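Student: Here it is, the structure in full.
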Amino acid sequence: MSRLLFLDVDGVLIPFGGPSGHRHRTFLPAPPPDADNPLLARADPAQGARLLALGCELVWATTWGEEANVSLAPRLGLPPLPVLDEPDRDEPDRDDPDRGAQAGLQWKTEPIVLHAAGRPFVWLDDEIGVADRRWVAAHHPGPALLHVVDPVRGLGEDDLGAIRAEIRGWPAGP
Ligand SMILES: [Mg+2]
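In full-length UniProt numbering, the protein residues as written are 1 to 174.
Next up, the structure:
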């Protein structure tokens with residue numbers, strides 16, 4: 001059974017910066033600003049190889065949508081990845097009273113669980129909350145690691161180490 005890794009972009013692959021981030025980056029040569037999105041310059045091109053080395057199937061779980069494959073994946077050395085679709089917020093059943101129990105849930109939580117379909121998964125995000133954890137615990141039967149990344153500095157080696165340690169005990173799959 002294959003393992004999945006759902007990947008957020010903002011605050012994970014693109015850190016929001018701040019005092020520590022700036023201190024680190026001040027001495028690096030500034031990459032040329034991207035004409036379309038200057039935030040891309042904050043993405044570390046080495047992250048792609050680090051993520052691939054985890055041995056999981058990577059899936060974009062970000063409001064970037066397909067744009068992540070167009071502008072970010074090549075920069076990170078990642079192949080085009082499946083994209084978790086953002087639900088249409090105007091669809092009628094979003095007003096279903098049952099959804100009141102999902103207050104505080106991120107838009108991607110339910111699609112992640114559906115996409116995983118019981119397979120073990122890691123979710124890397126800077127905004128995972130209590131409601132997301134409860135939803136996954138109640139609706140996903142397999143192993144799941146909901147790992148929160150510090151958005152100021154983005155994905156780091158300590159995050160990757162925690163993921164490696166956790167998934168080591170998961171079924172490796174066929
Ligand atoms: Mg984010």
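For each residue, glycine too, the CB sits at the ideal point set by N, CA and C.
Only a predicted model underlies this, so the values are computations on that prediction, with no experimental measurement involved.
Provide the residue span of the beta strand (DSSP E) that contains D125, from first to last.
Tutor: Unbroken beta strand (DSSP E) run through D125: 121-125.
Student: How long is the line joining the alpha carbons of R153 and G129, rounded to whole angstroms?
Tutor: When rounded, the distance between both Cα atoms is 19 Å.
Student: L7 and L40: beta carbons closer than 8 Å?
Tutor: No. Outside cutoff.
Student: Closer than 7 Å to a non-hydrogen atom of ligand 1 - does that hold for the CB of E67?
Tutor: No, since every heavy atom of ligand 1 falls outside the 7 Å radius drawn around the Cβ of E67.
Student: In chain order, what are the residues with a CB under 5 Å from some non-hydrogen atom of ligand 1?
Tutor: The set, ordered by position in the chain, is D8, D10, G11, D126.
Student: Taking C-beta to C-beta, are R75 and A43 nearer than 8 Å?
Tutor: Going by C-beta atoms, R75 is nearer than 8 Å to A43.
Student: Can you give me the Cβ contacts of L78 inside the same chain, cut-off strictly under 6 Å, excluding the 5 residues immediately before and after it?
Tutor: The answer, listed in chain order, is G48.
Student: With a threshold of 16 other CB atoms inside 10 Å of the CB of H139, please say whether the residue is buried or exposed.
Tutor: By the neighbour-count rule (16 or more Cβ atoms within 10 Å), H139 is not buried but exposed.
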